[in-house]
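Visitor: Could you have a look at this structure, given as structure tokens, before my questions?
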Amino acid sequence: MKEQVLLGDEAVALGAVHAGLTAAYAYPGTPSTEITEFLIRYKERYGSPHAAWCANEKTAFEEALGVSMVGRRALVSMKHVGLNVAADPLMNSALLSIEGGLVVAVADDPGMHSSQNEQDSRFYADFAHLPCLEPTDQQEAYEMTREAFELSEWYRTPVIIRLVTRLAHSRAVVHLSNPVEERPLRKTTNRAGWILLPANARKQWQSLLDRENDLQERSDNSPVNHLDLNKADKSLGVITTGIARNYYFENLDDLSCKPSHLHIGMYPPPLDKMRKLAAHVNTLLILEEGYPLLERQIRGLLPRAKGDLVIHGKMDGTVPAAGELTPDIVRKSLGLEIPQGIRIDGLPLATRPPQLCAGCPHCDTYNALTHAMEGLEQSVVTADIGCYTLGALPPYSTIESCVCMGASIGMAKGASEAGYRPAVAMIGDSTFLHSGITPLIDAAAGNTDMTLVILDNETTAMTGGQDPLIPSSRLEQIVLGVGVDPNHFHVLPAHPKKVDQLAGILRTEMEHKGLSVVIAVRECIETAKRKKATAAATANR
Amino acid sequence: MRCDIVLAGVGGQGVLSISAIIAAAALEEGLYVKQSEVHGMSQRGGAVQAHLRISDSPIGSDLIPRSRATMILSMEPMESLRYLEFLSPDGTLITASKPVLNIERYPDLDQVLDSIRRLPYSILVDADRLARESGAARSTNMVMVGAAAGLLPIEPAVIERFILKKFRNKGEKVVEINLKAFRAGMEAAVCAPT
Chain A
1 MKEQVLLGDE
11 AVALGAVHAG
21 LTAAYAYPGT
31 PSTEITEFLI
41 RYKERYGSPH
51 AAWCANEKTA
61 FEEALGVSMV
71 GRRALVSMKH
81 VGLNVAADPL
91 MNSALLSIEG
101 GLVVAVADDP
111 GMHSSQNEQD
121 SRFYADFAHL
131 PCLEPTDQQE
141 AYEMTREAFE
151 LSEWYRTPVI
161 IRLVTRLAHS
171 RAVVHLSNPV
181 EERPLRKTTN
191 RAGWILLPAN
201 ARKQWQSLLD
211 RENDLQERSD
221 NSPVNHLDLN
231 KADKSLGVIT
241 TGIARNYYFE
251 NLDDLSCKPS
261 HLHIGMYPPP
271 LDKMRKLAAH
281 VNTLLILEEG
291 YPLLERQIRG
301 LLPRAKGDLV
311 IHGKMDGTVP
321 AAGELTPDIV
331 RKSLGLEIPQ
341 GIRIDGLPLA
351 TRPPQLCAGC
361 PHCDTYNALT
371 HAMEGLEQSV
381 VTADIGCYTL
391 GALPPYSTIE
401 SCVCMGASIG
411 MAKGASEAGY
421 RPAVAMIGDS
431 TFLHSGITPL
441 IDAAAGNTDM
451 TLVILDNETT
461 AMTGGQDPLI
471 PSSRLEQIVL
481 GVGVDPNHFH
491 VLPAHPKKVD
501 QLAGILRTEM
511 EHKGLSVVIA
521 VRECIETAKR
531 KKATAAATAN
541 R
Chain B
1 MRCDIVLAGV
11 GGQGVLSISA
21 IIAAAALEEG
31 LYVKQSEVHG
41 MSQRGGAVQA
51 HLRISDSPIG
61 SDLIPRSRAT
71 MILSMEPMES
81 LRYLEFLSPD
91 GTLITASKPV
101 LNIERYPDLD
111 QVLDSIRRLP
121 YSILVDADRL
131 ARESGAARST
141 NMVMVGAAAG
151 LLPIEPAVIE
161 RFILKKFRNK
171 GEKVVEINLK
181 AFRAGMEAAV
191 CAPT
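As you go down the protein sequences, you meet chains A and B in turn.
Going by the working numbering, the first sequence opens with residue 1, and the numbers climb by one from there.
Going by the working numbering, the second sequence opens with residue 1, and the numbers climb by one from there.
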């Protein structure tokens, strides 16, 4: 059997390829980006399957749906907050009669290493009534992705694969199995299963509810939901999900008595196995990476009687509710001592937050903005998701919001209409294409008194520099196309030599009573460097 | 046999490439490897860490528990101290001595270096100078791989083979510089007072 060293993300990607994948779609987002990067490299090398970045997670999801509709297998991947953007197709596709397997790979970021929240995608699976598989390691990421396509076609439903940062971005050897062929083109013959008119949707919804029992049974019989009862000792039972099992195993040898253990890798959760474990033990410890999904279900609502099962987890504070799990947190929850480790006193270490690279075009834009705002009595600067969010930190400390993709534009409009002006929105080129055009239409429709600055670095920089979907020179046509007044639209280089000019234009436009748009453009220096290096390497060959 | 390494440095210093070279060489030796890294926001000139676990038996956690690391291998002196709680009492801290001063409140450098020297087992390497002497400042991370080599469960020849593989595309001169840097690091670690 062949083996390969893969990131968790890459194991999902290769699992999909070996499952006969036809097409993969995504919008970049840490920690999911490497799934699609792997597939794009794979396509460049071998010609197929199709793999492409999309404008956002919703369009990616819908493109994958089209592949499924004509009978072929599709993968759509995103970070956890991307699933909010794709929530509309996700919730509705649950009611479809999926034809070609459709797998939704979502990478959560507990601990918020590179995200604005730590939402747990298993709740989306539960909400949409979709099966969800949660690997513990790279090998399972590979195998479960293959399994997910089978499940998807068997139950005619999208299937979610849930990863977390520590698996997505950790590398290990994966043993590969034989690939299967791509599915033939075969458009669905079940029209009612794809046209969600109310009359059809009611039937589809009922059949979705009816299949719940089958899925439940599958989950109880699944080898990834493994129950191991310690017949000799009934004191403690442990439930683990996902990578919590790794941390549990890391500490297991130090326990004097081995607890009964249920690991859950497939949802809906295996209720019979959970009941069996609960009936066998006096105390239950629930270790979940993410929100307490199982714990809430197991605890229920009603108070417990004396002598009932004692439950420990995130809801009673045994495990911290916020942040990611670690081997040490799990160790403590098992009642084991944590060694102190080496400490030095009297030397406070300075924090070293991320910052904009030296020579970054955003620095010039922020310098210009700072000049432009000098002497203003009041102003509000909303911003968005990307490298330029670092404008929140010194030496700039300019921006005042970062919420979700595209929010800067809508929020500036709202602030202006509430009476707080000048209102300035800062957004990157990729974020603008993702979710910025629609709020710009809102602002153009009412000629809102606000200034939009598009920081165009011609790439999606924060996630490693993915090429723009369309040449960023076309941003101009988009802006003018939605009806922005050409007299209040400017395109300028973001360059140290142009800071004063940019500042002057920004000030004038902030004072203008109406909508204005300024594009500050210069290629990301990291991307430019990489292109130069690639060109040099090609020339050497 | 277990070898747990916390790698540390500042975004852009090549922490992940050090991890990748050691991991590839360990796999070549038939060992189990888990290599955990953090991408995205934390790469932009901020503190960066990676965990690398090497063992002759299967590895559970991708993350190293507190007080278990055999080694802290750092590209920057203050960053080496940030993860001290992970270091086992008999573990070794190996760090490049040149600071990255991209922040305002960097502590007194002498105090930082002194704290490192006072640890039970530590090796300070003037990696920047050794890299320049090898032919390119950019080979600093190979100096640090060399400095760690004596404490790794991997034959140095195997690591050298991976350095060759990694830089082959960039021409013979680059390979030579990096091999030289690796060997300079090895020598510096052997000669360092601990």
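Positions of the beta carbon are idealized from the N, C-alpha and C atoms, including for glycine.
A quick note: this is a predicted structure, and the numbers were derived from the prediction, not measured.
When the Cα of A/H68 is compared with those of A/L96, A/R45, A/G47 and A/N84, which residue comes out closest?
Guide: Taking the first sequence and counting its residues from 1, one reaches residue 68 of chain A at position 68. In the sequence on display, residue 68 of chain A carries Ser and not His. The candidate whose alpha carbon is nearest that of A/S68 is A/L96.
Visitor: Looking at A/H80 and A/Q119, is the spacing between their C-beta atoms short of 8 Å?
Guide: Numbered from 1 along the first sequence, position 119 holds the residue referred to as residue 119 of chain A. Numbered from 1 along the first sequence, position 80 holds the residue referred to as residue 80 of chain A. Cβ distance < 8 Å, so A/Q119 and A/H80 count as in contact.
Visitor: In chain E, what lies closer than 7 Å to A/C357 by C-beta?
Guide: Considering every chain present, this structure includes no chain E. Its protein chains are A and B.
Visitor: Nearest chain B C-beta to A/L83 closer than 8 Å, yes or no?
Guide: Start at 1 with the first residue of the first sequence, and residue 83 of chain A comes out as number 83. Not an interface residue.
Visitor: Let me check understanding here. Comparing Cα to Cα, which of B/D4, B/M78, B/G135 and B/Y106 lies closest to B/K173?
Guide: Translated into positions along the second sequence, residue 173 of chain B becomes position 173. Of the listed residues, the one whose Cα sits closest to B/K173 is B/G135.
Visitor: Taking only three categories from DSSP, how would you classify A/E374?
Guide: Numbered from 1 along the first sequence, position 374 holds the residue referred to as residue 374 of chain A. It is coil, neither helix nor strand.
Visitor: Using 10 angstroms around the beta-carbon of A/K497, count the other beta-carbons present and answer buried if the total reaches 16, otherwise exposed.
Guide: Indexing the first sequence from 1 puts residue 497 of chain A at position 497. A/K497 comes out exposed.
Visitor: Please list, in chain order, the chain B residues whose beta carbon lies closer than 7 Å to that of A/N246.
Guide: For the purposes of this step, residue 246 of chain A is identified with residue 246 of the first sequence, where counting begins at 1. Result: G60, S61 and D62.
Visitor: Report the start-end ranges of each alpha helix (DSSP H) in the segment 300 to 363 of chain A that is 4 residues or longer and not cut off at the edges.
Guide: Counting only runs of 4 or more, we get 327 to 333.
Visitor: Is it buried or exposed, A/E511, if we count other Cβ atoms within 10 angstroms and call 16 or more buried?
Guide: Here residue 511 of chain A corresponds to residue number 511 of the first sequence, with the count starting at 1. Classification of A/E511: exposed, given that the 10 Å Cβ count is below 16.
Visitor: Run through chain A and tell me which residues come within less than 9 Å of B/M186, C-beta to C-beta.
Guide: In the second sequence, counting from the first residue as 1, residue 186 of chain B sits at position 186. In chain order: nothing, as chain A lies at least about 25 Å away.
Visitor: Can you give me the C-alpha to C-alpha distance between A/T326 and A/P339, rounded to a whole angstrom?
Guide: On the first sequence, position 326 is the one that residue 326 of chain A refers to. On the first sequence, position 339 is the one that residue 339 of chain A refers to. Distance between the alpha carbons of A/T326 and A/P339 is about 14 Å.
Visitor: Using a 10 Å radius around the Cβ and a threshold of 16 neighbouring Cβ atoms, would you call A/A279 buried or exposed?
Guide: By one-based count along the first sequence, residue 279 of chain A stands at place 279. A/A279 should be labelled exposed.
Visitor: Taking 7 Å as the cut-off, does the CB of A/Y142 come closer than this to any heavy atom belonging to the ligand ADP?
Guide: The ligand ADP is not part of the structure shown, which contains no ligands of any sort.
Visitor: First and last residue of the beta strand (DSSP E) that includes B/M75?
Guide: Within the second sequence, numbered from 1, the residue matching residue 75 of chain B stands at position 75. B/M75 -> no beta strand (DSSP E), and no H or E assigned at all.
Visitor: Indicate whether at least one CB of chain B lies closer than 8 Å to the CB of A/G172.
Guide: By 1-based counting over the first sequence, the position of residue 172 of chain A is 172. First, the residue type needs correcting, since residue 172 of chain A is Ala and not Gly in the sequence shown. It does: the Cβ of A/A172 has a partner Cβ on chain B nearer than 8 Å.
Visitor: If we count Cβ pairs, one from each stretch, closer than 8 Å, do we get three or more for the segment 377 to 392 of chain A versus the segment 146 to 153 of chain B?
Guide: Not touching, per the Cβ criterion.
Visitor: Using the C-alpha atoms, what's the distance from B/L124 back to B/I21?
Guide: On the second sequence, residue 21 of chain B is found 21 positions in, with the first residue counted as 1. On the second sequence, residue 124 of chain B is found 124 positions in, with the first residue counted as 1. One C-alpha to the other measures close to 21 Å.
Visitor: Which parts of the segment 169 to 214 of chain A are runs of the beta strand (DSSP E), unbroken and 3 residues or longer, counting only runs that do not cross its ends?
Guide: Here the runs fully enclosed are 170 to 175.
Visitor: Got a sec: is the Cβ-Cβ distance from B/A23 to anything in chain A below 8 Å?
Guide: Indexing the second sequence from 1 puts residue 23 of chain B at position 23. Yes, its Cβ sits closer than 8 Å to a Cβ of chain A.
Visitor: With a cut-off of 8 Å, do at least 3 Cβ pairs link the segment 98 to 111 of chain B to the segment 76 to 86 of chain B?
Guide: Cβ pair count under 8 Å is three or more, so yes.
Visitor: For A/A536, which three-state DSSP category applies?
Guide: The count along the first sequence starts at 1 and reaches residue 536 of chain A at position 536. In the structure shown, A/A536 sits in a helix (DSSP, three-state: H, G or I).
Visitor: Report the option in A/G346, A/E400, A/T240 and A/A350 whose CA atom is closest to the CA atom of A/S333.
Guide: Locating residue 333 of chain A in the first sequence gives position 333, counting from the first residue. Closest by alpha carbon: A/T240.
Visitor: With A/D9 and A/A107 assumed to form a contact (beta carbons below 8 Å), what rounded beta-carbon distance in angstroms separates them?
Guide: Here the question's residue 9 of chain A lines up with position 9 in the first sequence. Here the question's residue 107 of chain A lines up with position 107 in the first sequence. Contact flag correct, Cβ pair sits at about 7 Å.
Visitor: Need the endpoints of the beta strand (DSSP E) that A/Y25 sits in, please.
Guide: Along the first sequence, one-based indexing puts residue 25 of chain A at 25. First-last of the beta strand (DSSP E) with A/Y25: A23 to A26.
Visitor: According to DSSP, simplified to helix, strand and coil, what is A/V33?
Guide: Mapped onto the first sequence, residue 33 of chain A falls at position 33. This sequence places Thr at residue 33 of chain A; Val is not what is there. If DSSP states are grouped into helix, strand and coil, A/T33 belongs with the helices.
Visitor: Which same chain residues end up closer than 6 Å to A/P361 when comparing Cβ atoms and leaving out the 5 residues on each side of it in sequence?
Guide: Within the first sequence, numbered from 1, the residue matching residue 361 of chain A stands at position 361. Hits under 6 Å: N457, A494 and R522.
Visitor: Would you call A/A322 buried or exposed, if buried means 16 or more other Cβ atoms sit within 10 Å of its Cβ?
Guide: Position 322 of the first sequence holds residue 322 of chain A. When all chains shown are included, A/A322 counts as exposed.
Visitor: Would you mind reading off the limits of the beta strand (DSSP E) that contains B/C191?
Guide: Residue numbering aside, residue 191 of chain B sits at position 191 when the second sequence is read from its first letter. Premise fails: B/C191 lies in the alpha helix (DSSP H), E172 to C191, not in any beta strand (DSSP E).
Visitor: Quick one: grab the DSSP three-state call for A/V453.
Guide: Here residue 453 of chain A is taken as the residue at index 453 of the first sequence, counted from 1. Note: A/V453 maps to strand in three-state DSSP.
Visitor: Can the beta-carbon of A/A51 be found closer than 8 Å to that of A/T36?
Guide: The residue given as residue 51 of chain A occupies position 51 in the first sequence. The residue given as residue 36 of chain A occupies position 36 in the first sequence. Yes, the pair counts as a contact, with Cβ atoms nearer than the cut-off.
Visitor: Please confirm if B/Q111 has its CB atom under 8 Å from at least one CB of chain A.
Guide: Working through the second sequence from its first residue, we reach residue 111 of chain B at position 111. Output row for B/Q111: interface = yes.
Visitor: How would you list, in chain order, the residues of chain B whose beta-carbon sits under 8 Å from the beta-carbon of A/H169?
Guide: What you label residue 169 of chain A is simply residue 169 of the first sequence in a count that begins at 1. Neighbours of A/H169 on chain B, chain order: S36, E37, V38 and H39.
Visitor: Report all residues from its chain with a CB closer than 7 Å to the CB of A/K273; omit the five preceding and five following residues, and keep chain order.
Guide: Numbered from 1 along the first sequence, position 273 holds the residue referred to as residue 273 of chain A. The residues are D220, N225, L227 and L262.
Visitor: Kindly confirm or deny that the segment 410 to 422 of chain A and the segment 475 to 491 of chain A touch, where touching means at least three C-beta pairs closer than 8 Å.
Guide: The segment 410 to 422 of chain A vs the segment 475 to 491 of chain A: no contact.
Visitor: Which residues in chain A sit within 8 Å of B/N102, going by Cβ to Cβ distance?
Guide: Start at 1 with the first residue of the second sequence, and residue 102 of chain B comes out as number 102. In chain order: R352 and Q355.
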